[in-house]
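Each residue of the sequence shown is one higher than the one before, starting from 1 at the first, in this note's numbering.
Heads up, the beta-carbon is just placed ideally off N, CA and C, and yes, glycines get one too.
Following: one structure in structure tokens, then a few remarks.
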Amino acid sequence: MSLDYSAVPKMPDGRTAAEHILTIESTASGVVRVPMGNGGHMTWHVWDDGTNKPVLLLFHGGSGSWIHWIRNVLPLSRHFAVYAADLPGLGDSDPPDDVNDVWSVTHCVRTAMAALLPSDKQFVLTGFSFGGMVGGHIATLFPEQLRKIVFVGAGGLKATRKPGPKLRKLLADMPAETLAAEARRNLEILMLHDPKNVDGVAIHMQILNTTRAKTRSRQMGQAFKLSEILPRVKTPFTGIWGEFDSTTYPHIQERIDLFRALQPDFEMNIIPGAGHWVAYEAAEAFNERLIKILSP
Numbered sequence: 001m002s003l004d005y006s007a008v009p010k011m012p013d014g015r016t017a018a019e020h021i022l023t024i025e026s027t028a029s030g031v032v033r034v035p036m037g038n039g040g041h042m043t044w045h046v047w048d049d050g051t052n053k054p055v056l057l058l059f060h061g062g063s064g065s066w067i068h069w070i071r072n073v074l075p076l077s078r079h080f081a082v083y084a085a086d087l088p089g090l091g092d093s094d095p096p097d098d099v100n101d102v103w104s105v106t107h108c109v110r111t112a113m114a115a116l117l118p119s120d121k122q123f124v125l126t127g128f129s130f131g132g133m134v135g136g137h138i139a140t141l142f143p144e145q146l147r148k149i150v151f152v153g154a155g156g157l158k159a160t161r162k163p164g165p166k167l168r169k170l171l172a173d174m175p176a177e178t179l180a181a182e183a184r185r186n187l188e189i190l191m192l193h194d195p196k197n198v199d200g201v202a203i204h205m206q207i208l209n210t211t212r213a214k215t216r217s218r219q220m221g222q223a224f225k226l227s228e229i230l231p232r233v234k235t236p237f238t239g240i241w242g243e244f245d246s247t248t249y250p251h252i253q254e255r256i257d258l259f260r261a262l263q264p265d266f267e268m269n270i271i272p273g274a275g276h277w278v279a280y281e282a283a284e285a286f287n288e289r290l291i292k293i294l295s296p
């Protein structure tokens with residue numbers, strides 16, 4: 001059944017959200033699908049002009065896709081060769097063998113990365129939410145190649161989380177108005193701090209990504225899988241969080257203490273006024289901060 005996006009608000013210039021997303025996607029130097037070892041393929045959107053820039057891998061959040069980075073890929077591509085993943089079982093990537101197991105996801109990503117990058121190529125990695133959890137696991141498999149990790153509102157930490165309203169499941173057969181309204185509600189609860197920042201692209205993204213998600217990222221987060229693996233991560237890591245991240249606020253210091261117990265020089269970068277999806281809601285500030293963190 002095809003999804004009905006007719007109730008999704010248009011862009012200020014009159015384009016649909018889908019047209020805007022396609023415009024950004026069309027700037028990629030390539031969209032590649034590589035084997036991930038279980039018979040399936042993993043999709044990557046690549047911005048690489050061939051000038052030997054440092055390689056930056058972007059891992060999106062749970063029930064997401066590369067679109068989580070839609071406001072970041074072009075500014076970041078001026079400084080890095082950007083590889084924005086669709087993680088296994090999400091976006092346009094095939095599922096892992098076990099959609100409930102973070103290691104099943106991670107091993108698929110490892111195989112795909114080996115197909116993408118030369119074995120002697122160093123890279124940096126930025127992981128948002130679920131992508132941070134996967135990034136932590138990947139760090140244990142590429143200790144010589146991975147130079148730095150940036151956790152962005154990372155999930156899977158054994159730390160206090162303020163209870164909030166439950167998200168509602170989006171179903172393909174919902175009427176267009178219901179689908180858009182429920183997507184907006186979920187975005188306001190989880191992803192964006194200021195309701196005025198919930199635009200057509202965010203709503204379209206939420207509908208598209210969550211209705212096709214197969215990997216159960218939320219369950220992995222609730223099992224504290226990042227906290228479980230972090231003691232084994234020797235790669236230097238830092239953090240970027242939105243000030244009002246719904247998964248963290250008002251308990252940010254607890255996360256800082258957790259990270260610093262493992263790496264005492266850990267730096268937490270807090271973006272004022274932003275929520276969980278900080279890379280979208282405060283894109284300009286986020287891009288500037290990430291470029292500074294990852295600059296040699």
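By the criterion of a C-beta distance shorter than 7 Å, Ala-159 is surrounded in its chain by His-251, Glu-254, Arg-255 and Leu-258, once the five residues flanking it on both sides are discounted. The beta strand (DSSP E) runs of length 3 or more contained entirely in the segment 208-248 are, from start to end of the chain, 237-242. For Phe-151, the secondary structure class from DSSP, reduced to helix, strand or coil, is strand. Residue pairing by DSSP places Met-268 opposite Gly-239 in a beta bridge. Using a 10 angstroms sphere on the CB of Gly-164, the tally of other CB atoms stays under 16, which defines it as exposed. A straight line joining the alpha-carbon of Gly-131 with that of Ala-114 spans about 18 Å. Assignment of Asp-101 by DSSP, reduced to helix, strand and coil, places it in the coil class. Between the alpha carbons of Leu-117 and Glu-177 lies a gap of roughly 43 Å. Three or more beta-carbon pairs separated by less than 8 Å link the segment 274-289 to the segment 68-81, which places the two stretches in contact. Nearest in C-alpha terms to Asp-194, of all of Val-152, Gln-206 and Gly-273, is Gly-273. Counting along the chain, the unbroken alpha helix (DSSP H) around Gly-132 starts and ends at 130-139.
The beta carbons of Leu-262 and Met-133 sit no closer together than 8 Å. Looking from the CA of Trp-47, the closest CA among Ile-21, Phe-80, Lys-234 and Pro-35 belongs to Phe-80. Around the C-beta of Ala-85, 16 or more other C-beta atoms lie within 10 Å, and the residue is accordingly described as buried.
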